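When the letters of the sequence shown are read in order and numbered with this note's numbering, they come out as residues 152 to 314.
In this text, a Cβ means the ideal position worked out from N, Cα and C, and glycines have one as well.
This one's a predicted model, so the numbers in the text were calculated from it and none came from an experiment.
Quick notes on the structure that follows.
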Amino acid sequence: MNTDKWIETGYDILTNYGPKLITGILIYIIGSWVIRLILKGVKKAMTKQGYDESLKKFLINLSRWALRILLIVVVLGTIGVETTSFAAILAAAGLAIGLALQGSLANFAGGVLIMIFRPFKIGDLIEAQGETGTVREIEIFTTKLTGLSNRDIIIPNGILSNG
């Protein structure tokens, strides 16, 4: 008699959640394929526009994670999981991280702006923060200069993009 109860419970679970689970799996598979296509197109467009390689890699990774999180939220919603609280948690975490990394985000945004608008390039002589030097390397958070006295100077990109 106990076995009959288990079989009945299993059948109820399968009929109630099976179609949703199969739909969720299909959405995940198709969504993953669509994400690959989108990222391939974005990468091709950035290469055609001449985006800096480090910026291109960062933006592709950022896009990949954002699209994956969106896909997971959609799949969870399809399966029947309440996603409003999940979205609120993501928003709160994003706000907390943003506030904690305020200075770093300013330097990152400055680096992105420098790589997109290219106000200077490697080899240019620039002056910033009272320092004069030749641009040696432009990274996502900092720009490295070789000073006139042949010393290394590292300047945060947030400062360079603001003035």
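Does the separation of the CB atoms of residue i and residue j fall below 7 Å?
i	j	result
Val-226	Thr-234	no
Ile-305	Gly-298	no
Ile-291	Ser-205	yes
Thr-229	Thr-174	yes
Asn-258	Gly-309	yes
Hey, quick one: how far does the beta strand (DSSP E) through residue i stretch, first residue to last?
i	result
Gly-284	282-289
Pro-307	303-307
Lys-272	From DSSP, Lys-272 is part of no beta strand (DSSP E); its letter is neither H nor E.
Assuming residue i contacts residue j (C-beta within less than 8 Å), just tell me the rounded distance between them.
i	j	result
Ile-186	Arg-215	7 Å
Gly-261	Leu-311	6 Å
Using CA coordinates, which residue listed in the options is at the minimum distance from residue i?
i	options	result
Leu-222	Ile-211, Trp-184 and Lys-191	Trp-184
Gly-281	Ala-257, Gly-274, Leu-296 and Arg-287	Leu-296
Quick check on the DSSP output: the alpha helix (DSSP H) that includes residue i runs from which residue to which?
i	result
Glu-204	204-230
Ile-277	Not the alpha helix (DSSP H): Ile-277 falls in the beta strand (DSSP E), residues 276-279.
Leu-332	The displayed coordinates of the chain run from 152 to 314. Any statement about residue 332 would go beyond what the structure contains.
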